[in-house]
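Below: the structure, in structure tokens.
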Amino acid sequence: ARVLVDKLLEAINKSGTHRYSVSRGIRKFRVALAERYRTLFQVACDPSTEVCSTLGSKDAIQQILQVLQSEGCQKVLLPSPCYPAHLTSVELCRMQPHFFRLSDNEDEMLASIEKQFSDNFIQVLIINFPNNPTGQVVTRDFYNRLVALAHEYHVMIVNDFVYGEMSFDRTPCTSLLAAENAKSCCVEVYSMSKAFCVPGWRMGAVLGNEQLVGKVARLKSLVDYGTYLPLQLAAASALSEHEDLVGSVVAIYKRRLQIVESMCQRLDLQYCIPAAGCSLWLRLPGDCYGRGAKEFCLDLLRNHGVCLLPGNVFGEGNSSWIRVALVASEERLQSLADKLAMEIHAYERAA
13 ARVLVDKLLE
23 AINKSGTHRY
33 SVSRGIRKFR
43 VALAERYRTL
53 FQVACDPSTE
63 VCSTLGSKDA
73 IQQILQVLQS
83 EGCQKVLLPS
93 PCYPAHLTSV
103 ELCRMQPHFF
113 RLSDNEDEML
123 ASIEKQFSDN
133 FIQVLIINFP
143 NNPTGQVVTR
153 DFYNRLVALA
163 HEYHVMIVND
173 FVYGEMSFDR
183 TPCTSLLAAE
193 NAKSCCVEVY
203 SMSKAFCVPG
213 WRMGAVLGNE
223 QLVGKVARLK
233 SLVDYGTYLP
243 LQLAAASALS
253 EHEDLVGSVV
263 AIYKRRLQIV
273 ESMCQRLDLQ
283 YCIPAAGCSL
293 WLRLPGDCYG
303 RGAKEFCLDL
313 LRNHGVCLLP
323 GNVFGEGNSS
333 WIRVALVASE
343 ERLQSLADKL
353 AMEIHAYERA
363 A
């Protein structure tokens, strides 16, 4: 939105905004984000102790895991499919990844998580709701029960909430921090990248458990000086803006989603119906005829100039799936159907 750029230019032109920032982030940003959480998600966070700005969500996850690994945490539970950057962060911290399968049935998913907690002595659970790539959301009851399990097994929960404001029906998604006693064992990662369409700004935050948030702030004081001050000031203004800046962004993604859903229906492709986010998770027919999604996506790129992400990079058990990111224009997404159909038919003929 133009208002974000105007606020940024205004902040850049102010004297005193080109000095070092503070590791926790300026108070104006933290107060604005805490107030947004209170208004949208009915979650109260103390901006002084329970909020720390980060260089986007990837930086947040990496910093959190570095802190936990330094305290002896080694075993991390992740969903499958899993956003690739989360798995990469686990591996960079030399921690051990374990997986549970995502399911539309919350009882089944909780049972799977508890089994992993019990069998593998899990110390950290990373979740991502609304999920990338599936767009799945969960209920507050799910979070209440999950937090109870975390208390029982002494697990720290991290939720990547980057798509929390991007539900297609415009109902705010449920925050993990809204669960009972959540802040005793949970943190949540927030990002402005997709919702405000400013991925290059790298404006994110960690909220929740005071001790862990404080340790992330301490670590950041050793490795960086925080985000560029004008970006924090512009972000604070955007978070406090009464105009619905996010609604227009979500409307664009929803139109793109409808185009890709229509394509899947025409090609008779199985897909997960997303409730939020900016991607669609679809299954290739015939399990890719024994060749796998990675090879299919490479052929699609070579033959048609279309880049989709194969399910292989989202963890084991996803080699028949691909993710369509809804970041291209409506016109380009319209042309995807013919190119996808041609490549599928080529695979059918070769099978």
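When we follow the working numbering, the leftmost residue of the sequence shown carries the number 13, and every step to the right adds one.
Glycine included, each C-beta is placed from N, C-alpha and C at the ideal position.
Those residues which DSSP pairs with residue i across a bridge
i: T66; result: G216
i: L89; result: H110, L137
i: P322; result: I334
i: S179; result: A288
i: N283; result: The displayed chain sequence assigns Tyr, not Asn, to residue 283. Per DSSP, L294.
Short Cβ contact (8 Å threshold) for residue i with residue j
i: F111; j: A248; result: no
i: L296; j: I271; result: no
i: A217; j: V63; result: yes
i: C300; j: Y237; result: no
i: I138; j: V170; result: yes
i: P142; j: G327; result: no
i: A337; j: C284; result: no
i: V201; j: I24; result: no
i: V261; j: F180; result: no
i: L251; j: A44; result: yes
i: Q78; j: L231; result: yes
i: W293; j: T100; result: no
i: N221; j: S196; result: yes
i: A246; j: K19; result: yes
i: A288; j: V174; result: no
i: N324; j: G304; result: yes
i: L320; j: Y49; result: no
i: I76; j: V228; result: yes
i: A275; j: A362; result: Per the sequence presented here, residue 275 reads as Met, with Ala not at that position. It is not a contact, given that the beta carbons lie outside the stated cut-off.
i: K351; j: H316; result: yes
Buried or exposed by the 16-neighbour rule on C-beta atoms within 10 Å, applied to residue i
i: D71; result: buried
i: G329; result: exposed
i: E120; result: exposed
i: Q135; result: buried
i: P211; result: exposed
i: M354; result: exposed
i: H32; result: Before going on, a small fix: residue 32 reads as Tyr here, not His. Exposed, because fewer than 16 other Cβ atoms sit within 10 Å of the Cβ of Y32.
i: L21; result: exposed
i: Q277; result: exposed
i: V17; result: exposed
i: N117; result: exposed
i: T66; result: buried
i: Q282; result: exposed
i: G68; result: buried
i: H98; result: buried
i: G28; result: exposed
i: R106; result: exposed
i: T151; result: exposed
i: A263; result: exposed
i: T51; result: exposed
i: L269; result: buried
i: E164; result: exposed
Host beta strand (DSSP E) of residue i (start-end)
i: Y202; result: 198 to 203
i: M168; result: 168 to 172
Closer than 7 Å: residue i CB and nearest the ligand FAD heavy atom
i: L348; result: Questions concerning the ligand FAD fall outside what the structure shown contains, since it holds no ligand whatsoever.
Endpoints, the alpha helix (DSSP H) within which residue i is located
i: A337; result: Careful: A337 lies outside any alpha helix (DSSP H), inside the beta strand (DSSP E) at 333 to 337.
i: L20; result: 14 to 24
i: L294; result: First-last for L294: 291 to 295, but that is the beta strand (DSSP E), not the alpha helix (DSSP H).
i: K306; result: 304 to 316
i: S222; result: Per the sequence shown, residue 222 should be read as Glu rather than Ser. Segment 222 to 235, the alpha helix (DSSP H) holding E222.
i: I38; result: Counting along the chain, I38 falls outside any alpha helix (DSSP H), and DSSP gives it neither H nor E.
i: Q54; result: Segment: none, Q54 is in no alpha helix (DSSP H) and carries neither H nor E.
i: T100; result: 96 to 104
i: P242; result: 241 to 252
i: R268; result: 257 to 278
i: R361; result: 342 to 362
i: R157; result: 152 to 165
i: A123; result: 118 to 132
Is it a yes or a no for the segment 44 to 58 touching the segment 185 to 201, going by three-plus beta-carbon pairs under 8 Å? yes
Pair every Cβ in the segment 81 to 92 with every Cβ in the segment 100 to 116, then say whether three or more of these pairs are closer than 8 Å. yes
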